[in-house]
Amino acid sequence: MAWIYLAVAISAEIVATLSLKASAGFTRLPFVALSMTGYGIAFYMLALVLKSIPVGIAYAIWAGVGVAAVAILGVFLFGQRLDAAAVTGIGLIVAGVVVLNTLSKSVV
Numbered sequence: 000m001a002w003i004y005l006a007v008a009i010s011a012e013i014v015a016t017l018s019l020k021a022s023a024g025f026t027r028l029p030f031v032a033l034s035m036t037g038y039g040i041a042f043y044m045l046a047l048v049l050k051s052i053p054v055g056i057a058y059a060i061w062a063g064v065g066v067a068a069v070a071i072l073g074v075f076l077f078g079q080r081l082d083a084a085a086v087t088g089i090g091l092i093v094a095g096v097v098v099l100n101t102l103s104k105s106v107v
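Mapping to numbering that gives the first Met the number 0: the sequence shown position 6 is 5, numbers consecutive.
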């Protein structure tokens, strides 16, 4: 169940961060509300995850997947550009998450 909670936490954090950008500096209230709600859900779910998954592992996965997803979605939703260094960095983040999940004995 912790992995489902982690997926929900990651999804909520992604929605919240993208909504933060769409809020245009907290001037578009529906996006402000969505951002605040999303972060609330994300932190609550992450707290549940930490009952059974070590904090270092859970946070690394949560932050890594969130950063990579927001960067990629920013290209499609906001027309942002990623240069070769950004794409390489995102690839390394994804690789790190894969290594954590497949090779680490710390993951429950």
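Glycine included, every Cβ here is placed at the ideal spot set by N, Cα and C.
Under 9 Å between C-beta atoms of residue i and residue j
i, j, result
"residue 65", "residue 26", "no"
"residue 8", "residue 48", "yes"
"residue 11", "residue 44", "yes"
"residue 103", "residue 56", "yes"
"residue 20", "residue 78", "no"
Distance, residue j Cα to residue i Cα
i, j, result
"residue 41", "residue 1", "13 Å"
"residue 76", "residue 69", "10 Å"
"residue 22", "residue 98", "35 Å"
"residue 81", "residue 91", "14 Å"
"residue 60", "residue 94", "11 Å"
"residue 50", "residue 87", "33 Å"
"residue 34", "residue 96", "25 Å"
"residue 29", "residue 100", "36 Å"
"residue 37", "residue 14", "6 Å"
"residue 123", "residue 71", "What the structure shows of the chain is the stretch from 0 to 107, and residue 123 is not part of that stretch, so it cannot be assessed."
"residue 89", "residue 31", "27 Å"
"residue 6", "residue 105", "18 Å"
Residue environment, residue i, which counts as buried when at least 16 other CB atoms sit within 10 Å
i, result
"residue 63", "buried"
"residue 3", "exposed"
"residue 67", "buried"
"residue 24", "exposed"
"residue 18", "buried"
Point to revise | Ordered list of alpha helix (DSSP H) runs contained in the stretch 72 to 106, each at least 4 residues | key: 83 to 102
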